[in-house]
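Notes to accompany the following structure.
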Amino acid sequence: MKAVLYGSHYGHTQKYAEAIARALGCEAFPAGKHKEANIEGCDTVVFGGGLYAGGIAGWSKVSPYCAKAQGQRWVLFTCGLADPALEKTQRESREIFERRLPEALRGKLPVFCLRGGMDYAALGLKHRAMMAMLAQYLRRKKERSQQDEQLLETYGQRIEFYDEASIEPVVRAARGEY
Ligand SMILES: Cc1cc2nc3c(=O)[nH]c(=O)nc-3n(C[C@H](O)[C@H](O)[C@H](O)COP(=O)(O)O)c2cc1C
161 MKAVLYGSHY GHTQKYAEAI ARALGCEAFP AGKHKEANIE GCDTVVFGGG
211 LYAGGIAGWS KVSPYCAKAQ GQRWVLFTCG LADPALEKTQ RESREIFERR
261 LPEALRGKLP VFCLRGGMDY AALGLKHRAM MAMLAQYLRR KKERSQQDEQ
311 LLETYGQRIE FYDEASIEPV VRAARGEY
């Protein structure tokens, strides 16, 4: 039995999780519904979380199950705005999970990086304020990276990078085909 769990504020991670679950023939559950997902009865668990300023949505609810999992296959993915084609994005996504995993699991679980999107008009107050602060900081920054420039160019707009085909490596890993 397999299950897909996700932490998502604005739906991109949820959409990926549901597509992965469809491909695996199982169900996707929000992180808070881990009991319904019957994680302990699963041979494979996929977890995906939206990236929020160095945090992963939903992970704190699911991580205790990952930490005590024995003989289970866990596959992790992040969903953010940063470009997964960049090595830096891949490395940072891995590190975000690694920092939160017990030592015995570090470097052992596959971590994938999917690209989401953002609609500034739909952001809640806290997230809007965080993005405003980030933009202000970046405008003052002397040497801006390509990513910094992209964030400033698209600030306030609707950005969409959802790409369903990008789930393939996650699905393959969940099937043990990697
Ligand atoms: C306050 C805030 C912080 C964010 N921080 C990051 C980040 O550190 N790295 C990143 O790649 N994307 C970041 N994003 C973009 C989200 O990860 C992106 O919108 C993703 O699609 C969110 O997933 P969700 O729609 O499932 O909530 C941030 C977005 C907001 C609003």
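Following this note's numbering, the numbering of the sequence shown begins with 161 at its first residue and continues without gaps.
Note that CB positions come from ideal geometry on N, CA and C, so glycine has one too.
Top-ranked residue by Cα proximity to residue i, from the options
i: Tyr425; options: Met278, Ala163, Arg304; result: As displayed, the chain neither begins before 161 nor continues past 338, which places residue 425 out of reach and without an answer.
i: Ala282; options: Lys162, Gly167, Gly171, Ser326; result: Gly171
i: Gly167; options: Gly215, Thr249, Leu184; result: Gly215
Endpoints, beta strand (DSSP E) assigned at residue i
i: Cys273; result: 271–275
i: Glu320; result: 318–320
i: Leu165; result: 162–167
i: Ala188; result: 187–190
Distance CB(residue i)-CB(residue j) smaller than 8 Å
i: Leu341; j: Ala295; result: Examination of residue 341 is not possible in this model, given that the chain is present from 161 through 338 alone.
i: Arg260; j: Trp219; result: yes
i: Gly284; j: Thr173; result: no
Residue i: CB within 7 Å of a non-hydrogen atom of ligand 2
i: Thr314; result: Ligand 2 is not part of this structure, which contains only ligand 1.
Local conformation of residue i per DSSP, three classes
i: Asp279; result: strand
i: Arg182; result: helix
i: Leu265; result: helix
Extent of the continuous alpha helix (DSSP H) run through residue i
i: Tyr297; result: 285–300
Could you check whether the segment 244–256 touches the segment 279–295, counting it as contact only if at least three pairs of C-beta atoms, one from each stretch, sit closer than 8 Å? no
Would you check if the segment 197–205 and the segment 172–183 touch, i.e. whether three or more CB-CB distances between them fall below 8 Å? no
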